[in-house]
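Heads up: the sequence shown begins at 3 in the numbering used here, then just goes up one per residue.
Yeah, the Cβ is synthetic: ideal placement off N, Cα and C, and Gly gets one too.
Since this is a predicted model, take the numbers as computed values, not measurements.
Since the structure comes first, as structure tokens, the remarks are kept for the end.
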Amino acid sequence: MLYRLVIVLLLATFPLHASENKQLVILTTFNPALLSSSIEVFEQQHPGWDVLILPRRENEGLALLARPDHGVNVVLSSSRRLFQPLADSHSLVPVSELSSEHSQLDSDYIAVLGYSGCGIIWNQRYIDRYALPVPSRWESLIAPVYHDHLVMSSPSRSATTHLIVESLLQRYGWQQGWRLLLQLGGNLNAISASNQRATDLVARGQSGIGLVIDSYAREQQDHFPFIHFQYQPDSIVLPSYIAALDRKPSRLMGIEFVRFMLSASSQARIEQSPIYKYRRADTPAIDTATFTVDTGLMEKRAVAVQQLFDISISQQQPLLNYAWQLIHNIRQLPALTPQQTEQLELAVTLASTTVISAEQAGTADFLSLQDPVRHPASERLVGLWQAQMSRQLQQSIRLSQGILMSYRQER
């Protein structure tokens, strides 16, 4: 390895300062290994520079950047929300100083590094073993046949998954979008710590199908011929962003690295890099990518959506799985009585309705989740919502169990 990859784990205790021997600090939500080839070339061109990579999830990155002594020179992420406070406080170098070529999605201070697409990854060996149909789109994965065969990450842990979830909510609307997500959640056998981890679980055969981006899927396809990937029809394009911080005395270091990443030579290598991005100057070659996410709405309710996913799905996985297993079983029964049909409809409603309405999601109480330090009561509020979702699922389970018992007695 031609550069020293340093992961700092003690920032909460010790401030970070650039060292005297030209230390370049990069904050990223990506796996640091995906940047290795680019960093190696950069260090060859800049002997004597130390590159320090800080891998952080979105919320951890926001907390770090809020500190006056964070020492970061460059931010690189698919989460636009990570950049927004810096842009709002005029703490970033203008894109006009970084590149003479512009992407249509560049802002004044945030440059697009490249693009990805999202879709479905599946393990054909797993599909064959369990006689599953090859999935065509995310919406098809709510079918009973896929119960306990799916994997995805949480939007609170993966900026990419947050974009996927938000695209579903905006496409279908808040109520119908969460109904779809809760049904998908009921078919999950795992909720992974990252989008990359989801692809790993599919490649290893621990899950059969995953909702992922093309970058990680292609990486697995290079190693395993039984791994397949298909873009989601009418999907979204997922940009990755990069910005240099306007910090003296190390301002020029951040500029130099971003210029390097946006240069023609780096962009020419980008599609062959482990990140597998489409180049910033290209229109992504994803014919099905026709849906545009309202990024302003996404940023406004980011923590709300992340929290609600965990409240309703991540932290309810056993109950959610069992509730939908019973519903799937009942739906296969012939000749339900009118009363049983009515009870089944209620069980489905309870298992597919989130505890927060679209109207509530815009209130001050809900938005206070974005700043639990200033709003300590938000932790209690989250606990109440989580308990309410648990009660809904338990009631759904009891209704389904009652239907199955009465059905057997009638037979």
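Counting along the chain, threonine 30 sits inside the beta strand (DSSP E) bounded by residues 25 to 30. For aspartate 202, the enclosing alpha helix (DSSP H) has its first and last residue at 197 to 205.
Leucine 54 sits in a strand when the DSSP states are folded into three classes.
Between isoleucine 315 and the set Pro49, Arg181 and Leu84, the nearest pair of CA atoms involves Arg181.
Shown here for leucine 240: same chain residues with a beta carbon closer than 8 Å to its own, the five before and five after excluded, namely Ser80, Tyr117, Ser118, Gly119, Cys120, Thr162, Leu165 and Ile215 in chain order.
DSSP places serine 194 inside the beta strand (DSSP E), whose first and last residues are 190 to 194. One alpha carbon belongs to threonine 201, the other to serine 160, and they sit about 13 Å apart.
A distance below 7 Å between beta-carbons, with the five flanking residues on each side excluded, links tyrosine 218 to the following residues of its chain, in chain order: Asn197, Gln198 and Thr201. The way I'd put it, the region 311 to 326 does touch the region 146 to 160; three or more beta-carbon pairs between them come closer than 8 Å. The DSSP assignment places 52 to 57 and 76 to 79 as complete runs of the beta strand (DSSP E) inside the region 35 to 92, in order along the chain (cut-off: 3 residues). DSSP places tyrosine 324 inside the alpha helix (DSSP H), whose first and last residues are 319 to 333. Contiguous beta strand (DSSP E) elements confined to the region 103 to 128 occur at 113 to 125, taking only those with 3 or more residues.
Secondary structure note for tyrosine 174: its alpha helix (DSSP H) is the uninterrupted segment 161 to 174.
Looking at the DSSP output, leucine 94 shares a beta bridge with Leu247. A distance below 6 Å between beta-carbons, with the five flanking residues on each side excluded, links isoleucine 193 to the following residues of its chain, in chain order: Ser156 and Ser316.
Setting aside the 5 residues that flank it on each side, glutamine 86 is surrounded in the same chain by Glu301, each with a C-beta closer than 8 Å to its C-beta; the list follows chain order. In the three-state scheme derived from DSSP, where H, G and I count as helix and E and B as strand, serine 265 is classed as coil. Annotation: glutamine 177 to serine 359 spans about 7 Å, alpha carbon to alpha carbon. According to DSSP, histidine 151 shares a beta bridge with no other residue.
C-alpha of isoleucine 144 to C-alpha of leucine 186: approximately 5 Å in a straight line. Under the three-state reduction of DSSP output, serine 217 falls in the helix class. By a beta-carbon distance limit of 8 Å, leucine 346 does not contact isoleucine 399. Their separation comes to about 12 Å. Using a C-beta cut-off of 8 Å, the region 225 to 232 makes no contact with the region 65 to 85, since fewer than three inter-stretch Cβ pairs fall below that distance. Counting the other Cβ atoms within 10 Å of the Cβ of leucine 299 gives fewer than 16, which makes it exposed. A Cβ-Cβ separation of about 6 Å places tryptophan 51 in contact with leucine 26 under the 8 Å criterion. In this structure, the alpha-carbon of serine 169 lies about 45 Å from that of glutamine 411. For leucine 338, same chain residues with a beta-carbon under 8 Å away, outside a window of 5 residues either side, are Ile332, Leu346, Ile405 and Tyr409 in chain order. For isoleucine 313, the enclosing alpha helix (DSSP H) starts and ends at 304 to 314. In the DSSP assignment, glutamine 232 falls outside any alpha helix (DSSP H) and within the unbroken beta strand (DSSP E) covering 229 to 233. Here aspartate 248 is actually not in contact with serine 142; their C-beta atoms are around 47 Å apart, not less than 8 Å. Taking the Cβ atoms as the reference, histidine 151 lies roughly 4 Å from glycine 210, within the contact range of under 8 Å. CA-CA distance, aspartate 108 to threonine 355, rounds to 37 Å. With respect to the C-alpha of proline 137, the residue from Asn33, Val43, Gly212 and Ser392 having the closest C-alpha is Gly212. Beta-carbon to beta-carbon, tryptophan 387 and asparagine 189 are separated by about 23 Å, too far to satisfy the 8 Å threshold.
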